[in-house]
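Chemist: Pasting a structure here, questions to come.
2 protein chains.
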Amino acid sequence: MSKERVTVIDIAHAAGVSKSTVSLVLQGSSLVNEATRAKVNAVIRELGYVYNRGAANLRQAKSKIVGIVVNDLTNSFFAELAVGVDMVVQSAGYVQFLSNTGESIDRQREVVASMREHGISGLIVSPARGTEAADFKSLTNAGIPVVIVVRNIPGAKVSSLVSDNLAGASAAVEHLASLGHRRIAFMGGFANTAVFAERLGGYRDALAKAGIAFDDDLAVATAPSRAGGVEAVGRAMLLADKPTAAVCFNDAVAFGVCDGLRARRLEPGVDFAVVGFDDVIEAESAVPALTTISVDPQGMGRRAAQLLLKQINSGKVEAEAIVSAVRLVVRQSSGAGLDTTARRAVS
Amino acid sequence: MSKERVTVIDIAHAAGVSKSTVSLVLQGSSLVNEATRAKVNAVIRELGYVYNRGAANLRQAKSKIVGIVVNDLTNSFFAELAVGVDMVVQSAGYVQFLSNTGESIDRQREVVASMREHGISGLIVSPARGTEAADFKSLTNAGIPVVIVVRNIPGAKVSSLVSDNLAGASAAVEHLASLGHRRIAFMGGFANTAVFAERLGGYRDALAKAGIAFDDDLAVATAPSRAGGVEAVGRAMLLADKPTAAVCFNDAVAFGVCDGLRARRLEPGVDFAVVGFDDVIEAESAVPALTTISVDPQGMGRRAAQLLLKQINSGKVEAEAIVSAVRLVVRQSSGAGLDTTARRAVS
DNA sequence: GACAAAATTTGGAACGTTCCAAATAATCAT
DNA sequence: ATGATTATTTGGAACGTTCCAAATTTTGTC
């Protein structure tokens, strides 16, 4: 077994029909007679035929393949985003190329080019830092829809789906202020990214609205990781006028901040309030459970995929910019009592 | 711009050569004259030609595409595994289909079939629970190499790459026993999986070797997640004769155990020793840093990919079973002092 | 300048599908 | 039965590449 590939012609011979008829059956056409359809299907099973999509694509030039490239799959936010995409892509009968760039622009360029050669009919990308609008020009010129997620690229004429970073950070600050905090830090994140700028912007806005002066020392930028959170809390606690609360760039940073606090014998949620951003799955089961801004990465992945599929099917590539609503989820880490289910709509 | 696809024939015309010559240039053949090569390459750039791998595959039947399917991308162990695979696959000029099954056998069957139709030339799979040896028969019959990772499937005639679960759990127990613990629990994991059986086996072996009787109450099976860890510690602490240490099914469980301990005002690494399994990235930066069995998922991903590529290139599909060595990484959570770098080879 | 040898180039014929236009078969109304 | 409809089936000709065998050009030798 396993010598030659079984082809549509083999099926045709064995079933005593023409290859055209077999093709019709394959695509579930209603033109073909019920009896022949059954016969052909039987032979297909019997000979163990497997459809060759490559050949089909060659003829029809529309491929049931999409690409997804993320900047850091190691980060569970992006892993969940990918899972969300996977879900809808899969049930639409598509299959996805997935690649990780690890923030490398070069890798990103390579994998996008490679995916293009392989004939993707759409691309979802969470761009590496430093990606420029021009980097997707060639795709869009070819009429291949592109959806940018998470990080927006100013000036790119493609669809985007980002979360409402401004409103989210703003709500976090407002929440902390309402609990009486005045020295609220902003911790973590690389300063030269759009997402950072937006979240920091929301933080400043809300501070102003609460009548609290912005203090440059309280905005401590570090890597957007758990280790970065540890570092941030270390730096902030060196200040003469220490903060009593922090809104963090993301949940990973927030977990790091909790770690750093405990290393200093401070109990997060009791001695110091911390709010995260993203609401990754661990946020709920951590101790203390993390108060955070829920952006539902999996949902974002699903929506991005739906948007992409819509564009693929509708032929026209009309850029659409969606900002995804976000909500504050109050849990223990901000010290606001034990009601895990309290939630407030934000945007 | 962007009306018709630019093809090899267009290039040929524009460069004043035949399509065969263009094809030769494309594959970097040494047969073609340096001057013509330059000319052709210039035209290729000028017209913005993009190679159509689908068409090429059709002719040559070998595809520069591999598939990877994992059972839970949300789990950072698997996300890292995927990143490892991605790295070597990418630099070998391949591109990968990646799909998540979420432990669904049906999804797994579907995506594998779909990938097959798309012409993958190899598959790496971390099988969903309940996968049977027969499920990959059709792939291997067609001469497509398959590498099973993480969870072995008894009886499957394909290559596998799993970590040395027995030696790992054994080393963890030995470590705890050497610190004076006698009531050592085994926490987390679904009881009906091969990995669970192996780790529990290692636990029992080491217990016996240390002259400690196995106590059924101390083996508490739960979901292999953070929440499962919280649950496990909850159940164990109900016992009259409480444990003083635990080796956990994996790091996620271990983190949950730490959470659960803290919720009971016990400090992990001080009042109770915990050892994880996997050594995910967070293990190092958590507080307390987690003593764990390092299996280096990214490294496993890389090795799996290398093994697969080797098999793809060598044509022959000779099943190979690799068990990947594992080592104990001693950090704070087991209460063995503060030397983070202490490490011991295990298998 | 003629011949052989080496280097380079080149037309088809694949690869496995889908599509089109046209052929054939079945059904219907008269 | 007969012609008109309608339902089904069917041969090529694509799609964009690679491969083969053969043709052509260049180079080398005497």
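Listed in order, the protein sequences are those of chains A and B. Throughout, the numbering used here is defined as the position within the first sequence, counted from one, plus 41. Throughout, the numbering used here is defined as the position within the second sequence, counted from one, plus 41. Idealized CB from N, CA, C, for every residue including glycine.
If you pair each beta-carbon of the segment 88–97 of chain A with each one of the segment 70–78 of chain A, do three or more pairs fall below 8 Å?
Modeler: no
Chemist: Within 10 angstroms of the Cβ of residue 196 of chain B, are there 16 or more other Cβ atoms? Answer buried if so, exposed if not.
Modeler: exposed
Chemist: Quick one: list the residues of chain B neighbouring residue 136 of chain A, beta-carbon separation under 8 Å, in chain order.
Modeler: 138, 140, 152, 155, 156 and 159
Chemist: Here's the rule: buried if 16 or more other CB atoms are within 10 angstroms of the residue's CB, otherwise exposed. What is residue 339 of chain A?
Modeler: buried
Chemist: Strictly below 7 Å CB to CB, what residues from chain B border residue 92 of chain A?
Modeler: 158
Chemist: Residues of chain B with CB under 9 Å from residue 101 of chain A, in chain order?
Modeler: Neighbours of residue 101 of chain A on chain B: none; closest Cβ ~11 Å, over 9 Å.
Chemist: Report the option in A:354, A:362 and A:337 whose CA atom is closest to the CA atom of residue 369 of chain A.
Modeler: The shortest Cα separation from residue 369 of chain A among A:354, A:362 and A:337 belongs to A:337.
Chemist: Hey, could you find the ends of the beta strand (DSSP E) residue 202 of chain B is sitting in?
Modeler: Annotation: the continuous beta strand (DSSP E) that includes residue 202 of chain B extends over 200–204.
Chemist: Three or more C-beta pairs under 8 Å: does that hold for the segment 254–261 of chain A against the segment 219–236 of chain A?
Modeler: yes
Chemist: Which chain A residues are close to residue 127 of chain B, counting only those with a beta carbon under 7 Å from its beta carbon?
Modeler: 140 and 141
Chemist: So, residue 213 of chain A versus residue 194 of chain A, is the Cβ gap smaller than 7 Å?
Modeler: Taking a C-beta distance under 7 Å as the contact criterion, residue 213 of chain A and residue 194 of chain A do not qualify as a contact pair.
Chemist: For residue 368 of chain B, which of helix, strand or coil comes out of DSSP?
Modeler: strand
Chemist: Taking residue 50 of chain B as part of the beta strand (DSSP E), name the residues at either end of that continuous run.
Modeler: Looking at the DSSP string, residue 50 of chain B is not in any beta strand (DSSP E); the run it does join, the alpha helix (DSSP H), is 49–56.
Chemist: Based on DSSP bridge pairs, tell me the residues matched to residue 313 of chain B.
Modeler: According to DSSP, residue 313 of chain B bridges with B:309.
Chemist: Report the neighbours of residue 98 of chain A on chain B: residues whose CB is nearer than 7 Å to its CB, in chain order.
Modeler: Neighbours of residue 98 of chain A on chain B, chain order: 95.
Chemist: Would a check of beta-carbon distances place residue 23 of chain B closer than 7 Å to chain A?
Modeler: In the structure as shown, chain B starts at 42 and stops at 388, and residue 23 of chain B therefore has no counterpart that could be examined.
Chemist: Count the other CB atoms, across all protein chains shown, that sit within 10 Å of the CB of residue 200 of chain A; report buried if there are 16 or more and exposed otherwise.
Modeler: Around the C-beta of residue 200 of chain A, 16 or more other C-beta atoms lie within 10 Å, and the residue is accordingly described as buried.
Chemist: Anything in the segment 299–314 of chain B with a Cβ closer than 7 Å to a Cβ of chain A? List those residues in chain order, please.
Modeler: 300, 303 and 304
Chemist: Once you ignore the five residues that flank residue 234 of chain A on each side, which residues in its own chain have a CB closer than 8 Å to its CB?
Modeler: 170 and 192
Chemist: Quick check on residue 267 of chain B - is its C-beta less than 7 Å from some C-beta in chain A?
Modeler: yes
Chemist: List the residues of chain B whose Cβ lies closer than 8 Å to the Cβ of residue 115 of chain A, in chain order.
Modeler: 117, 120, 121, 124 and 322
Chemist: Under 7 Å between C-beta atoms, does residue 328 of chain A make it to chain B?
Modeler: yes
Chemist: Which residues of the segment 184–195 of chain B have a Cβ closer than 8 Å to any Cβ of chain A? Give them in chain order.
Modeler: 184
Chemist: Distance, Cα to Cα, residue 78 of chain B vs residue 49 of chain B?
Modeler: Spanning the two alpha carbons is a distance of roughly 14 Å.
Chemist: Straight-line CA distance for residue 285 of chain B to residue 330 of chain A?
Modeler: 25 Å
Chemist: For my contact list, residue 287 of chain A and residue 376 of chain A are in at a C-beta cut-off of 8 Å; report their separation, rounded to the angstrom.
Modeler: With a Cβ gap of about 12 Å, residue 287 of chain A and residue 376 of chain A do not count as contacting.
Chemist: For a contact defined as C-beta to C-beta under 9 Å, what are the partners of residue 214 of chain A on chain B?
Modeler: Those within 9 Å of residue 214 of chain A in chain B number zero; the least Cβ separation is about 26 Å.
Chemist: Starting from residue 185 of chain B, trace the alpha helix (DSSP H) in both directions and tell me its first and last residue.
Modeler: That residue, residue 185 of chain B, is in no alpha helix (DSSP H); it is neither H nor E in DSSP.
Chemist: Using a Cβ-Cβ cut-off of 7 Å, state whether residue 379 of chain A counts as contacting chain B.
Modeler: Note that residue 379 of chain A scores 43 on pLDDT, short of 50, meaning its location in the model is unreliable; the coordinates nonetheless yield the value given after this. Chain B, which has no Cβ nearer than 7 Å to the Cβ of residue 379 of chain A, makes this no.
Chemist: Specify the secondary structure class of residue 278 of chain A as computed by DSSP and reduced to three states.
Modeler: coil
Chemist: Given this structure, state the Cα-to-Cα distance separating residue 345 of chain A from residue 320 of chain A, to the nearest angstrom.
Modeler: 18 Å
Chemist: When the Cα atoms are used, what is the spatial distance from residue 87 of chain B to residue 158 of chain A?
Modeler: 17 Å
Chemist: Starting from residue 148 of chain B, find everything on chain A with Cβ-Cβ shorter than 8 Å and list it in chain order.
Modeler: 131
Chemist: Give me the Cα-Cα distance between residue 53 of chain B and residue 60 of chain B, rounded to the nearest whole angstrom.
Modeler: 5 Å
Chemist: Only counting the same chain, and skipping five residues up and downstream in sequence, which positions put a Cβ closer than 8 Å to that of residue 302 of chain A?
Modeler: Answer for residue 302 of chain A: 274, 308, 309, 312, 313 and 315, listed in chain order.
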